[in-house]
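Asks: Mind having a look at this structure? Questions to follow.
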Amino acid sequence: MGKLFDAALVLEYAPPIFLRFHVTLAIVAASVVGGTLLGLLLTAAQLHRTPGLSLAAAGYISFVRGTPVIIQMFIVYYGLPLALYRVGININRWNKLYFVLIAYALNNAAFMAEIIRSAVLSVPKGQSEAAWSVGLSGFQAFRRIVLPQAFLTALPALGTRLVNTFHDTSLAFTLGILDMLGQAQAIGVRTYHVLEGYVFAALVFVAVSLLLEKGFTRAEAAFGRGVKK
Amino acid sequence: MKSVIQIKGVRKSFGKNEVLKGVSLDVKTGEVVVILGPSGSGKTTLLRCVNFLENADDGELTIGELSVRFRYAGKKDILTVRRRTAMVFQNYNLFSNKTAAENVMEGLVTARKVPAAEARERAERELAKVGLGGKRDAYPSQLSGGQQQRVAIARAVALNPEVILFDEPTSALDPELVGEVLAVMRAVAREGITMVVVTHEMSFAHDIANHVVFMDDGLVVEEGAPKEIFFHPKEERTKQFLDRIQLKYDYSI
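As given, the protein sequences belong to chains A and B, one line each in that order. Just so we're aligned, residue 1 is where the first sequence starts under this note's numbering, counting upward by one. Just so we're aligned, residue 230 is where the second sequence starts under this note's numbering, counting upward by one.
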């Protein structure tokens, strides 16, 4: 069995583990794309104060933010087939990954909604009023004046959220998804060298997080040129 | 003379507080109407009702051939009224994500579908007129209050509206920046653009206004030519107000 920790093995296990990076990316992508779209809908429901809808949106957001993502993932994995079976749709043979993608998108939507909502509310009312006064319609004013300013305000929070989402994906292996962590675990079980795989995975997480942070700092500087408030 | 804007019997309450209790106003082409009055008299609310930044509870608005009851105004009416008027705000409200030139262009390009090149040309011309030709690429955060307000005036004038509404345009400015904004407003008035101005600048009102309206407690107390209102006010309330305001000019420190 040899040494408890063999640095050479970190390198040896790196390729098979890194080959599963695309699974992690797929989960992040689903979270970002699905989460943003759903999040915008939730924000719209809340900001428009449609009586029933805004309450439902608020309830959904507080449920998602109040429970761990791993529980939400299990609820979707075991609950969604059951719910859909009732209405005659059988998804029992679906790839497990689909459930994870759905769960993470649903999860991220709540966080995105909160970020978007607070950013939109942070834009002073006078900006919309000025836009209306020069003849812009409500939608034009939102699209051209409010949203760009809100986006700038939201950027730091969006960056943090993206990094968090990226880290959260590491829970998917609990459903048996073969992402980087799933692979590291599998290697550990096979070779009894558990630590090396996890160390490599940690390195990848650190590197990508740093890259994301740098990217967002740059984006803030680029978009914020001259617009500081 | 032809009326640009007529409002009749505007009423507006915020909760239980009735701010406008049936105000009527008739603005003729090329006229400069100055609205005076103590704070809380409803001047600003009246102005904001005209372009639907506040929804008046009752009353009627006529602008050109379009006549709307405030209460029944649809989205289309509101947009039409807003595209025929322009507003200069107390806090400038320049679009902070856009440069001075883009601020002026926005309404032209997005709302009125003026081609971008033509809009840019017009923006540069208007900015030059308010003495800011060199600041066209500056963001609002890089401009002083006076400069921002001059851009806001250029933004309003560029739209070639039938009337420009000025809501206390100098109230948020440092005293030494008030002059430059008033000078620009004088130039706008000289061009024959119809203006409705809510202000506390008495000397400006006296010099520029064709018509002065004195409001108090949600009602028009008295209106007429500036000479009449300033030197021969008929109502006791107007006299009190003017005495208190003009005291400032009698004292020297």
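A virtual CB, placed ideally from N, CA and C, is assigned to each residue, including glycine. In this text, all values refer to a predicted model and were calculated from it rather than measured experimentally.
If I measure Cβ to Cβ from Val417/B and keep anything under 8 angstroms in the same chain, skipping five residues before and after, which residues do I get?
Replies: Here residue 417/B corresponds to residue number 188 of the second sequence, with the count starting at 1. Closer than 8 angstroms at Cβ, skipping near neighbours: Ile382, Val386, Ile393, Met424.
Asks: By the DSSP assignment, the beta strand (DSSP E) with Val87/A in it spans what residues?
Replies: In the first sequence, residue 87/A corresponds to position 87, counting from 1. Where Val87/A is concerned, there is no enclosing beta strand (DSSP E), given that its DSSP letter is neither H nor E.
Asks: Rank Pro15/A, His48/A, Pro148/A, Ser31/A by C-alpha distance to the C-alpha of Ala105/A and give the top, closest one.
Replies: Along the first sequence, read from residue 1 onward, the residue named residue 105/A stands at position 105. For the residues Pro15/A, His48/A, Pro148/A, Ser31/A, the minimum Cα distance to Ala105/A belongs to Ser31/A.
Asks: Taking Cβ-Cβ distances shorter than 7 angstroms, what residues in chain B pair up with Val134/A?
Replies: Along the first sequence, one-based indexing puts residue 134/A at 134. By Cβ distance, chain B contributes Ala315, Glu335, Gly336, Ala340, Arg384, Leu388.
Asks: Write down the C-beta distance between Pro390/B and Gln377/B rounded to the nearest angstrom, noting that I regard them as a contact closer than 8 angstroms.
Replies: Taking the second sequence and counting its residues from 1, the one referred to as residue 390/B is at position 161. Taking the second sequence and counting its residues from 1, the one referred to as residue 377/B is at position 148. No, Pro390/B and Gln377/B are not in contact; Cβ-Cβ is about 20 angstroms, not under 8 angstroms.
Asks: Please return the same chain residues whose Cβ sits closer than 7 angstroms to the Cβ of Lys237/B, not counting the five positions on each side in sequence.
Replies: Translated into the one-based positions of the second sequence, residue 237/B becomes position 8. So the qualifying residues of the chain are Ser253, Gly288, Glu289.
Asks: According to the Cβ coordinates, are Val297/B and Asp306/B closer than 8 angstroms?
Replies: Within the second sequence, numbered from 1, the residue matching residue 297/B stands at position 68. Within the second sequence, numbered from 1, the residue matching residue 306/B stands at position 77. Yes, the Cβ-Cβ distance between Val297/B and Asp306/B is below 8 angstroms.
Asks: Comparing alpha-carbon positions, which option in Met444/B, Leu372/B, Pro462/B lies nearest Val262/B?
Replies: Indexing the second sequence from 1 puts residue 262/B at position 33. Of the listed residues, the one whose Cα sits closest to Val262/B is Met444/B.
Asks: I want to know whether the segment 94-112 of chain A touches the segment 156-169 of chain A - three or more CB-CB distances under 8 angstroms.
Replies: Judged by Cβ distances under 8 angstroms, the segment 94-112 of chain A makes contact with the segment 156-169 of chain A, as three or more pairs qualify.
Asks: How close, in whole Å, do the beta carbons of Ala150/A and Ala119/A come, if the pair is a contact with beta carbons under 8 angstroms?
Replies: Position 150 of the first sequence holds residue 150/A. Position 119 of the first sequence holds residue 119/A. Ala150/A to Ala119/A, Cβ: 4 angstroms. Contact.
Asks: Can you find a CB in chain A that lies within less than 8 angstroms of the CB of Phe318/B?
Replies: Start at 1 with the first residue of the second sequence, and residue 318/B comes out as number 89. Yes, Phe318/B lies at the interface with chain A (some Cβ there is under 8 angstroms from its Cβ).
Asks: Grab me the residues of Ile187/A's own chain with a C-beta within less than 6 angstroms of its C-beta, minus the 5 sequence neighbours each way, in chain order.
Replies: Within the first sequence, residue 187/A is the residue found at index 187, counting from 1. Once the five neighbours on either side are set aside, the close Cβ partners of Ile187/A are Tyr13, Gly197.
Asks: Answer with buried or exposed for Gln127/A, where buried requires no fewer than 16 other C-beta atoms within 10 angstroms of its C-beta.
Replies: Residue numbering aside, residue 127/A sits at position 127 when the first sequence is read from its first letter. That one is buried.
Asks: Let me know the secondary structure DSSP gives Arg93/A once reduced to three states.
Replies: As a position in the first sequence, residue 93/A is number 93, starting the count at 1. Residue state, collapsed to three classes: coil.
Asks: Beta-carbon within less than 6 angstroms of Phe299/B's beta-carbon, same chain only, minus the 5 sequence neighbours each way: which residues are those?
Replies: Residue mapping note: residue 299/B aligns to position 70 of the second sequence, counting from 1. So the qualifying residues of the chain are Ala285, Gly288.
Asks: Any idea what DSSP makes of Lys257/B, helix, strand or coil?
Replies: In the second sequence, the residue the question calls residue 257/B occupies position 28. In this structure, Lys257/B counts as strand in the three-state DSSP scheme.
Asks: Tell me where the beta strand (DSSP E) around Gly219/B begins and ends.
Replies: For residue 219/B there is no data in the structure shown, the boundaries of chain B being 230 and 482.
Asks: Kindly give me the distance between the Cβ atoms of Ala83/A and Leu155/A, rounded to whole angstroms, as I take these residues to be in contact under 8 angstroms.
Replies: Locating residue 83/A in the first sequence gives position 83, where the first residue counts as 1. Locating residue 155/A in the first sequence gives position 155, where the first residue counts as 1. That pair is no contact at about 37 angstroms.
Asks: Anyone know if the C-beta pair for Ile102/A and Gly39/A falls short of 8 angstroms?
Replies: Here residue 102/A refers to the residue found at position 102 of the first sequence. Here residue 39/A refers to the residue found at position 39 of the first sequence. No, they are not a contact pair.
Asks: Taking only beta carbons into account, state which residues of the segment 293-312 of chain B come closer than 7 angstroms to chain A, listed in chain order.
Replies: Within the segment 293-312 of chain B, the residues whose Cβ lies closer than 7 angstroms to some Cβ of chain A are Leu308, Arg311, Arg312, listed in chain order.
Asks: CA-CA distance, Ala207/A and Ala29/A?
Replies: Translated into positions along the first sequence, residue 207/A becomes position 207. Translated into positions along the first sequence, residue 29/A becomes position 29. If you take the alpha carbons of Ala207/A and Ala29/A, they lie about 18 angstroms apart.
Asks: Go ahead and pull the three-state DSSP assignment for Asn120/A.
Replies: Mapped onto the first sequence, residue 120/A falls at position 120. What sits at residue 120/A in the sequence shown is Val, not Asn. Helix at Val120/A.
Asks: With burial defined as no fewer than 16 other Cβ atoms inside 10 Å of the residue's Cβ, what is the status of Met316/B: buried or exposed?
Replies: Counting from one through the second sequence, the residue named residue 316/B turns up at place 87. Classification of Met316/B: buried, given that the 10 Å Cβ count is 16 or more.
Asks: Going by alpha carbons, who is nearest to Leu295/B out of Ser232/B, Ile474/B, Gly360/B?
Replies: Here the question's residue 295/B lines up with position 66 in the second sequence. Selected option, being the one with the closest Cα: Ser232/B.
Asks: Strictly below 8 angstroms CB to CB, what residues from chain A border Leu282/B?
Replies: Locating residue 282/B in the second sequence gives position 53, where the first residue counts as 1. Those are Glu129, Trp132, Ser133, listed as they occur along chain A.
Asks: Run through DSSP, which three-state label would Lys125/A get?
Replies: Against the first sequence, residue 125/A aligns to sequence position 125. In this structure, Lys125/A counts as helix in the three-state DSSP scheme.
Asks: Roughly how many angstroms separate the alpha carbons of Gly303/B and Leu47/A, rounded to a whole number?
Replies: On the second sequence, residue 303/B is found 74 positions in, with the first residue counted as 1. On the first sequence, residue 47/A is found 47 positions in, with the first residue counted as 1. Those two C-alpha atoms are separated by around 21 angstroms.
Asks: Going by DSSP, name the residue or residues bridged to Phe443/B.
Replies: In the second sequence, residue 443/B corresponds to position 214, counting from 1. Looking at the DSSP assignment, Phe443/B forms a beta bridge with Leu265/B, Glu451/B.
Asks: Under the three-state reduction of DSSP, which class applies to Leu323/B: helix, strand or coil?
Replies: The count along the second sequence starts at 1 and reaches residue 323/B at position 94. Coil at Leu323/B, not helix or strand.
Asks: Sort Ala172/A, Ala222/A, Pro148/A, Asp6/A by Cα distance to Val100/A and report the nearest one.
Replies: Here the question's residue 100/A lines up with position 100 in the first sequence. Out of Ala172/A, Ala222/A, Pro148/A, Asp6/A, Ala172/A has the C-alpha closest to the C-alpha of Val100/A.
Asks: Out of curiosity, what's the CA-to-CA distance linking Leu356/B and Arg379/B?
Replies: By 1-based counting over the second sequence, the position of residue 356/B is 127. By 1-based counting over the second sequence, the position of residue 379/B is 150. The straight-line gap from Cα to Cα measures roughly 8 angstroms.
Asks: For Leu9/A, does the count of other Cβ atoms within 10 angstroms reach 16, so buried, or fall short, so exposed?
Replies: The residue labelled residue 9/A in the question sits at position 9 within the first sequence. With 16 or more Cβ atoms within 10 Å of its Cβ, Leu9/A is classed as buried.
Asks: DSSP on Val425/B, reduced to helix/strand/coil?
Replies: Counting from 1 along the second sequence, the entry for residue 425/B is found at position 196. Strand, per DSSP.
Asks: What separation, rounded to the nearest whole angstrom, lies between the Cα atoms of Gly224/A and Arg65/A?
Replies: Your numbering for residue 224/A matches position 224 in the first sequence. Your numbering for residue 65/A matches position 65 in the first sequence. Looking at the two C-alpha atoms, the distance is approximately 30 angstroms.
Asks: For Ala329/B, list the residues DSSP reports as bridge partners.
Replies: In the second sequence, the residue the question calls residue 329/B occupies position 100. Its beta-bridge partners do not exist; DSSP assigns none.
Asks: Please determine if the segment 429-444 of chain B and the segment 403-415 of chain B are in contact, where contact requires at least 3 C-beta pairs separated by less than 8 angstroms.
Replies: Yes: at least three Cβ pairs fall under 8 angstroms.
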